[in-house]
Amino acid sequence: MANEFPILSRMQYDGHIRVVDVAPDFTMDQVAAACAAYSVGTHLPPPEPGKPLRIRPTTDDDNAAPFPADMTVADAELQKFDCVDIYIESDTA
Amino acid sequence: MPRLERSEWYDFARDTNWTPRYVDEQEIFPPEMSDPYGIPVSEWETFDEPYKVSYREYVRIQREKDAGAYSVRTALAHSDYYEEADPAYLSALKMHYGSISLSEYAACHADERMVRFGRAPSMRNMATFGMLDEMRHGQIHLWFAHALAKKDRQFDWAHQAHHTQNWAVVAGRHALDDVMMTRDAPTTSLMLNFAFETGLTNVQMIGLSRDAANMDDYTFSNLITSIQSDEARHAQIGTPVIQIMIRNGKKAEAQQAVDIAFWRIWRVFAILVGISMDYQIPLAKRDRSFKEYMREFVMTQYERQLTDVGLDRPWYWDIFLDDIENHHHCQQGGIWSWRPTVWWNPSGAVGPAEREWLEEKYPGWNDTYGKYYWDTIIQNIVEGHPEKTLATGMPMLCNMCQIPISNRPGEPWKARAYQVDYQDRRYSFCTSVCEWIFKVDPERYKHHHSIVDRMYSGEIDPPTMENVLLYMGSGVVSEGGKDAYDYAWADPYRAARSAAE
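The listed protein sequences correspond, in order, to chains Y and U.
The working numbering puts the first sequence at residues 314 to 406.
The working numbering puts the second sequence at residues 255 to 755.
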């Protein structure tokens with residue numbers, strides 16, 4: 314899509330920071346799925362069923378509040394090369 | 255035959271200098287090339303190198319070295335060694351030749367700058383020999399690699415690599431351009447001779463030489479040993495420069511230059527040497543682990559050398575120690591997963607015996623790199639889906655070292671992008687050290703675009719993986735990388751699974 318732009322995916326347990334294209338109308342659930350697609354099944358095992366993935370902005374202390382799952386990229390005001398954490402909700406991040 | 259012993263004329267000849275009368279000194283030696291530190295010429299003239307050699311001696315000694323190195327190669331040229339050699343070991347050679355051959359030639363230019371613009375006549379003299387050394391190193395690498403190119407096209411990268419936009423080459427070229435191609439004469443000496451050559455090359459040359467000898471590759475082992483004997487001489491150019499700078503109140507400047515260069519070279523060096531030693535050399539032939547070599551030649555020797563010349567350990571020493579435990583393991587996992595992007599065939603090389611060795615040398619390896627990278631990879635191979643082991647998408651590349659931003663997987667959460675916004679552009683770095691280097695002089699680095707930046711600037715258009723590979727030379731100079739053993743290293747896991755079923 315023409316209005317896609319790259320963000321940085323910092324997936325829990327993954328050793329690599331990855332570049333993921335997102336669109337402004339992506340929900341956080343869609344962003345999480347897009348990010349997980351590059352890590353899960355290639356390097357990471359799939360998360361256990363019933364454990365949703367959440368998104369939060371990357372901060373120095375790894376303790377930012379998660380974005381609501383249905384919030385869009387535009388509403389979250391994510392910009393090019395912003396870094397987000399993708400983590401399993403029930404795991405300590 | 256000379257009538258005098260060298261010691262009777264050396265100092266007199268070496269220290270000969272002149273005071274120009276027809277042009278201004280600053281026209282011959284502009285400060286931006288010769289000395290941005292404002293140190294008096296009389297101080298530079300105290301430059302005293304520990305290792306002295308006359309031109310007559312140099313020619314004789316170097317001729318003997320070349321005769322030895324080239325004759326060994328000629329004698330072994332008709333053997334079937336390279337046809338029958340371990341494929342992962344051949345990949346280590348391809349990594350080396352592609353990375354190093356034209357880097358040596360580039361270093362010749364760095365020494366040329368010291369020859370032309372050094373204020374100390376003795377420094378100019380020593381750099382002349384260094385220049386000839388590096389010319390030799392470039393030529394001998396290319397000569398040796400050229401014979402292999404007709405056997406395997408991937409060896410053509412020995413000459414082609416530096417002319418491509420391959421990500422690994424961009425990383426090497428960015429580091430070397432920063433450290434030795436674009437600095438004034440004394441700073442080049444600090445960065446190249448002291449930080450790079452004194453600090454790090456012993457690990458590479460001695461360690462690789464031993465591993466090559468264990469692999470019965472005496473051609474390569476002899477080549478490397480021969481090169482390192484030159485290195486031991488011209489690396490010493492940096493020490494008197496540091497001493498003069500400290501004596502003239504420029505310790506902070508010397509420290510910063512050395513610390514920048516050491517980190518820049520370390521980040522690419524760990525890929526080239528660490529992966530070779532810990533993954534490409536077959537387990538039974540490994541002399542020591544990369545960490546053990548680093549402990550002896552860097553953590554002990556370099557730290558002592560810093561103290562001896564009057565400098566301090568870099569501020570980031572603890573980060574560096576942690577990097578020794580992790581950086582090359584991250585890059586091994588990444589390079590293997592993104593193997594079509596490189597010009598050699600990486601080996602997974604994590605069979606059960608290898609993992610046991612890795613765990614012994616790097617405690618915790620199995621709970622991190624094993625569990626969060628290689629277990630999933632192995633499962634895909636064992637289940638008959640090796641295509642799932644090819645990584646998709648792009649890793650984010652550090653805007654300084656140009657290497658994937660990564661750190662130990664698992665817990666705790668270590669991988670992190672350190673980001674700086676400068677003049678409406680965001681820069682991302684792998685560590686606080688690469689970030690610090692940028693902040694020291696952002697104007698110097700701000701223009702460069704990583705491969706990822708080029709995907710989004712329109713330079714790589716369209717930014718598909720297929721096009722990125724072509725842009726980087728994969729499929730152009732040669733085919734990109736495949737697993738060196740065609741996944742045979744995973745056979746024990748297949749067998750274990752079959753037995754369990």
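Don't be surprised by glycine CBs; every beta carbon is placed ideally from N, CA and C.
**Q.** Contacts of T372(Y) in chain U (Cβ-Cβ under 7 Å)
**A.** Residue mapping note: residue 372(Y) aligns to position 59 of the first sequence, counting from 1. Going along chain U, no residue has its Cβ under 7 Å from T372(Y), so there is no contact; the nearest lies around 10 Å.
(Q) Contact criterion: CB-CB distance below 7 Å. Does S463(U) meet it with respect to chain Y? (A) Counting from 1 along the second sequence, the entry for residue 463(U) is found at position 209. Closer than 7 Å: no.
Q: Decide if D562(U) is buried, meaning its Cβ has at least 16 other Cβ atoms within 10 Å, or exposed.
A: Here residue 562(U) refers to the residue found at position 308 when the second sequence is read from its first residue. Exposed, since its Cβ has fewer than 16 Cβ neighbours within 10 Å.
Q) Would A524(U) count as contacting chain Y if we go by Cβ distances under 7 Å? A) Position 270 of the second sequence, counted from the first residue, corresponds to residue 524(U). No, its Cβ sits nowhere closer than 7 Å to a Cβ of chain Y.
Q: Could you say if the segment 472 to 484 of chain U and the segment 505 to 520 of chain U meet the contact criterion of at least three C-beta pairs nearer than 8 Å?
A: no
**Q.** Buried or exposed by the 16-neighbour rule on C-beta atoms within 10 Å, applied to P568(U)
**A.** As a position in the second sequence, residue 568(U) is number 314, starting the count at 1. Buried.
Q.
Whole angstroms are fine: how far does the CA of K504(U) sit from the CA of M401(U)?
A. Here residue 401(U) is taken as the residue at index 147 of the second sequence, counted from 1. Here residue 504(U) is taken as the residue at index 250 of the second sequence, counted from 1. In the sequence on display, residue 401(U) carries Ala and not Met. Roughly 48 Å separates the two Cα atoms.
Q: Compare the Cα-Cα distances from I514(U) to each of P606(U), S686(U), A750(U), E318(U) and report the closest residue.
A: As a first step, residue 514(U) must be located in the second sequence, where it is residue number 260. Checked all of P606(U), S686(U), A750(U), E318(U); the closest Cα to I514(U) is S686(U).
**Q.** Touching by the beta-carbon criterion (3+ pairs, under 8 Å), the segment 717 to 736 of chain U and the segment 419 to 427 of chain U
**A.** yes
**Q.** Contacts around E402(Y), its chain only, beta-carbon distance under 6 Å, and the 5 residues preceding and following it disregarded
**A.** The residue labelled residue 402(Y) in the question sits at position 89 within the first sequence. Answer for E402(Y): P365, R367, listed in chain order.
**Q.** C-beta neighbour in chain U for G363(Y), strict 7 Å
**A.** Within the first sequence, numbered from 1, the residue matching residue 363(Y) stands at position 50. Not closer than 7 Å to any Cβ of chain U, the Cβ of G363(Y) fails to qualify, so no.
Q: Report, in whole angstroms, the separation of the C-beta atoms of N316(Y) and A336(Y), which I expect to be a contact under 8 Å.
A: Taking the first residue of the first sequence as position 1, residue 316(Y) is located at position 3. Taking the first residue of the first sequence as position 1, residue 336(Y) is located at position 23. Their Cβ separation, rounded to whole angstroms, is 6 Å, which keeps N316(Y) and A336(Y) in contact under 8 Å.
Q. For a contact meaning CB atoms closer than 8 Å, what does T385(Y) contact in chain U?
A. Your numbering for residue 385(Y) matches position 72 in the first sequence. By Cβ distance, chain U contributes nothing, its closest Cβ being about 21 Å from T385(Y), past 8 Å.
Q | For R317(U) and W628(U), the rounded distance between their alpha carbons | A | Within the second sequence, the letter at position 374 stands for residue 628(U). Within the second sequence, the letter at position 63 stands for residue 317(U). So the two alpha carbons sit approximately 48 Å from each other.
Q: For the segment 635 to 655 of chain U, enumerate the residues whose C-beta is nearer than 9 Å to any C-beta of chain Y, in chain order.
A: K642, T643, L644, A645, T646, G647, M648, P649, M650, L651
Q | chain Y contact residues for C688(U), given Cβ-Cβ distances below 9 Å | A | Translated into positions along the second sequence, residue 688(U) becomes position 434. By Cβ distance, chain Y contributes nothing, its closest Cβ being about 13 Å from C688(U), past 9 Å.
Q | Enclosing beta strand (DSSP E) for P617(U) [first to last residue] | A | Within the second sequence, residue 617(U) is the residue found at index 363, counting from 1. Where P617(U) is concerned, there is no enclosing beta strand (DSSP E), given that its DSSP letter is neither H nor E.
Q: Under 8 Å by Cβ, that's how I've got I330(Y) and I691(U) pegged, so tell me the actual separation to the nearest angstrom.
A: For the purposes of this step, residue 330(Y) is taken as residue 17 along the first sequence, with counting starting at 1. For the purposes of this step, residue 691(U) is taken as residue 437 along the second sequence, with counting starting at 1. Not confirmed; about 19 Å, so no contact.
Q. Residues bridged to V353(Y) by DSSP?
A. Position 40 of the first sequence, counted from the start, is the residue given in the question as residue 353(Y). Answer by DSSP bridge pairing, in chain order: L357(Y).
Q.
Using only CA atoms, which one of Y264(U), I282(U), W263(U) lies nearest to W272(U)?
A. As a working mapping, residue 272(U) is identified with position 18 in the second sequence. Nearest C-alpha to W272(U): I282(U).
Q.
Alpha carbons only, please: which of W743(U), I657(U), V694(U) is nearest the one belonging to V424(U)?
A. Counting from 1 along the second sequence, the entry for residue 424(U) is found at position 170. Closest option to V424(U), Cα to Cα, is I657(U).
Q: Examine the Cβ distances between the segment 614 to 621 of chain U and the segment 362 to 382 of chain U and report whether three or more of them are shorter than 8 Å.
A: no
(Q) With the cut-off set at 7 Å, would you say D387(U) and D484(U) are in Cβ contact? (A) Reading the second sequence from its first residue, position 133 is the one you call residue 387(U). Reading the second sequence from its first residue, position 230 is the one you call residue 484(U). It is a contact, given that the beta carbons lie within the stated cut-off.
Q | Whole-Å CB distance - R464(U) paired with D541(U), under 8 Å assumed | A | Mapped onto the second sequence, residue 464(U) falls at position 210. Mapped onto the second sequence, residue 541(U) falls at position 287. Confirmed, Cβ separation roughly 4 Å.
(Q) Cβ closer than 7 Å: which chain U residues qualify as neighbours of P319(Y)? (A) Reading the first sequence from its first residue, position 6 is the one you call residue 319(Y). Going along chain U in sequence order, the residues near P319(Y) (Cβ under 7 Å) are Y710.
Q.
In this structure, how does DSSP classify P337(Y) when only helix, strand and coil are distinguished?
A. Walking along the first sequence from the start, residue 337(Y) turns up at place 24. Here P337(Y) sits in coil by DSSP.
Q.
Give me the chain Y residues within the contact set of S682(U), using Cβ-Cβ distance strictly less than 9 Å, ordered along the chain.
A. As a working mapping, residue 682(U) is identified with position 428 in the second sequence. Correct list: L321, I330, F394, C396.
Q. Taking 7 Å as the CB-CB limit, is P617(U) close to chain Y?
A. As a position in the second sequence, residue 617(U) is number 363, starting the count at 1. With 7 Å as the cut-off, P617(U) does not count as an interface residue toward chain Y.
**Q.** Pairwise C-alpha distance: T442(U) and D695(U)
**A.** Against the second sequence, residue 695(U) aligns to sequence position 441. Against the second sequence, residue 442(U) aligns to sequence position 188. If you take the alpha carbons of D695(U) and T442(U), they lie about 16 Å apart.
Q.
Pairs of beta-carbons, one from the segment 740 to 749 of chain U and one from the segment 627 to 644 of chain U, closer than 8 Å: are there three or more?
A. yes
(Q) Suppose the cutoff is 6 Å on Cβ atoms and the five residues either side in sequence are ignored; what does the same chain contact list for L462(U) look like? (A) Here residue 462(U) corresponds to residue number 208 of the second sequence, with the count starting at 1. The answer, listed in chain order, is I478.
Q. Of the residues L575(U), P663(U), A439(U), which one's Cα is nearest the Cα of C362(U)?
A. Here residue 362(U) corresponds to residue number 108 of the second sequence, with the count starting at 1. Among L575(U), P663(U), A439(U), the Cα nearest to that of C362(U) is on A439(U).
Q) Can you tell me whether DSSP reads S732(U) as helix, strand or coil? A) Sequence index remark: in the second sequence, residue 732(U) carries index 478 (1-based). Strand.
Q | Host alpha helix (DSSP H) of F450(U) (start-end) | A | Stepping through the second sequence from its first residue, residue 450(U) is reached at position 196. Element bounds for F450(U): n/a, residue is neither H nor E.
Q) Going along the chain, which residues of its own chain have a beta-carbon closer than 8 Å to the beta-carbon of K668(U), five neighbours each way excluded? A) Translated into the one-based positions of the second sequence, residue 668(U) becomes position 414. Cβ within range, chain order: N580, N661, R662.
**Q.** Assigned secondary structure, L366(Y) (DSSP; H/G/I helix, E/B strand, else coil)
**A.** Locating residue 366(Y) in the first sequence gives position 53, counting from the first residue. Three-state result, L366(Y): strand.
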